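Residue numbering for the sequence shown follows my numbering, beginning at 66 and increasing consecutively. Glycine is no exception: its CB is placed at the ideal position from the N, C-alpha and C atoms. These figures come from a predicted structure and were not determined experimentally. Taking it in order: structure first as structure tokens, then the write-up.
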Amino acid sequence: MSDNQNLLAEQRRALILDEVRRRGGVRVNELTRRLNVSDMTVRRDLDALARLGVVEKVHGGAVPVAEATAHEPGFEAKSALELAAKEDIARAAVAMAPPGSAIALAGGTTVFALAQRLVDVPDLTVVTNSVRAADVFHSSQRPVTAAGPSARPGAATVVLTGGVRTPSDTLVGPVADAAIRSLHFDVLFIGVHGISAEAGLSTPNLAEAETNRHFVRSARRVVVLADHTKWGTVGLSSFAALEEVDALVTDAGLPEAARREIAERLPELVVADASGDSTTCGGVPV
Numbered sequence: 066m067s068d069n070q071n072l073l074a075e076q077r078r079a080l081i082l083d084e085v086r087r088r089g090g091v092r093v094n095e096l097t098r099r100l101n102v103s104d105m106t107v108r109r110d111l112d113a114l115a116r117l118g119v120v121e122k123v124h125g126g127a128v129p130v131a132e133a134t135a136h137e138p139g140f141e142a143k144s145a146l147e148l149a150a151k152e153d154i155a156r157a158a159v160a161m162a163p164p165g166s167a168i169a170l171a172g173g174t175t176v177f178a179l180a181q182r183l184v185d186v187p188d189l190t191v192v193t194n195s196v197r198a199a200d201v202f203h204s205s206q207r208p209v210t211a212a213g214p215s216a217r218p219g220a221a222t223v224v225l226t227g228g229v230r231t232p233s234d235t236l237v238g239p240v241a242d243a244a245i246r247s248l249h250f251d252v253l254f255i256g257v258h259g260i261s262a263e264a265g266l267s268t269p270n271l272a273e274a275e276t277n278r279h280f281v282r283s284a285r286r287v288v289v290l291a292d293h294t295k296w297g298t299v300g301l302s303s304f305a306a307l308e309e310v311d312a313l314v315t316d317a318g319l320p321e322a323a324r325r326e327i328a329e330r331l332p333e334l335v336v337a338d339a340s341g342d343s344t345t346c347g348g349v350p351v
């Protein structure tokens, strides 16, 4: 992590969080040398990460917070993490939504990042249980003109499922489940709390797990959007096995060993990077 003095605060904090998780803890003086910033800057970054609930400050440094499998962070807390990775993933994943197709968007901040790019794909039919994703389409589709608001040509048709709102601004429960069961999607884009070889896709919210199961069953193609920190994490409830996933889109921070394991199990693994390039393994040649 040398030559990082010009990093934006959010990028610097993402690097610090990665280091804390990878090493199990860091010291302030180590971070000042690695990031080439002041002691005060590092302490402010640790304060910000502690407020998000992802690290615990200790004397002279910080350690990771050991989250319970049932702990569900709110949308705002999650949206501040791994911002660059989520943008890389969204940039790669948008090509998987063909114009004119019927797609489903499940909840999560990475899917939210994708929604902001999908507004430029013409003639989509979008079914979502994400309040945040629905807001993105609503804002983009109704520009205000002298004659009043009007939908732009080629704008998506958006259906919000209804249901009970979770801390991550996702609608779940019987109402959402009934709506999803009656529909059929070309592609499902879904985020996860955790993904692993043993537990598959998981979430800490039991009702969200059930709603996600219906999403998976209703889609011809399941695309998981998950940054590298999600690999090896296990939530309270599994809702799909890896064998039910058609593609995983992740970022360049995923270790090589994990890439090999995933590529052996999934038809397609897409690793996106900040340059806008992506590497595809599995069902599609590299």
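What residue range does the beta strand (DSSP E) around residue i cover?
i, result
"P320", "No beta strand (DSSP E) holds P320; DSSP gives it neither H nor E."
"P239", "From DSSP, P239 is part of no beta strand (DSSP E) but of the alpha helix (DSSP H) over P239 to R246."
"F254", "V252 to G256"
"V186", "No beta strand (DSSP E) contains V186, which DSSP labels as neither H nor E."
"L266", "G265 to T268"
"A127", "G126 to P129"
"T222", "T222 to L225"
Compare the C-alpha of residue i against each of the options and name the closest.
i, options, result
"F254", "M161, S302 and R330", "M161"
"L236", "V288, F280 and Q181", "F280"
"T268", "P163, A291 and A221", "A291"
"V223", "I327, I168 and L80", "I168"
"L307", "G318, L319 and V288", "V288"
"L301", "G173, V102, V240 and E275", "E275"
"D112", "R98, G89, V102 and R78", "R78"
"P163", "D234, A221 and A199", "A221"
"T190", "A150, S205 and F250", "F250"
Is residue i near the ligand PLP - that is, is its Cβ less than 7 Å away from at least one heavy atom of it?
i, result
"A284", "In the structure shown, the ligand PLP is absent, as is every other ligand, since no ligand is present at all."
Can you tell me the Cα-Cα spacing of residue i and residue j, whole angstroms?
i, j, result
"G265", "E273", "15 Å"
"L331", "L179", "21 Å"
"R385", "G256", "The chain is shown from 66 up to 351; residue 385 falls before or after that span and cannot be answered."
"R116", "T298", "21 Å"
"V252", "E329", "22 Å"
"R76", "L100", "Residue identity check: residue 76 is Gln in the sequence provided, not Arg. Roughly 11 Å separates the two Cα atoms."
"G219", "V128", "49 Å"
"S261", "L82", "20 Å"
"V192", "L96", "44 Å"
"N277", "P187", "26 Å"
"V85", "D316", "19 Å"
"G227", "A337", "32 Å"
"T231", "G118", "18 Å"
"V314", "D104", "36 Å"
"R270", "G238", "Reading off the sequence, residue 270 comes out as Asn, not Arg. Whole-angstrom Cα-Cα distance: 11 Å."
"V353", "N94", "There is no way to answer for residue 353, as the model of the chain reaches only from 66 to 351."
"G296", "E263", "In the sequence under discussion, the amino acid at residue 296 is Trp, which differs from the Gly named in the question. Those two C-alpha atoms are separated by around 11 Å."
"G126", "I327", "34 Å"
Should residue i be labelled buried (16 or more other beta-carbon atoms within 10 Å of its own) or exposed?
i, result
"R156", "buried"
"V91", "buried"
"P208", "With a pLDDT of only 48 at P208, under 50, the local geometry of the prediction cannot be trusted, and the value read off the model is given with reservation. Classification for P208: exposed."
"V123", "exposed"
"H203", "exposed"
"R87", "exposed"
"E333", "buried"
"T185", "Residue identity check: residue 185 is Asp in the sequence provided, not Thr. D185 is exposed by the Cβ-count criterion."
"R285", "exposed"
"S247", "exposed"
"R74", "The sequence given here has Ala at residue 74, not Arg. Flag for A74 reads exposed."
In terms of residues, what are the limits of the alpha helix (DSSP H) holding residue i?
i, result
"V85", "A74 to R88"
"T235", "Run containing T235: none; DSSP gives neither H nor E here."
"L96", "V93 to L100"
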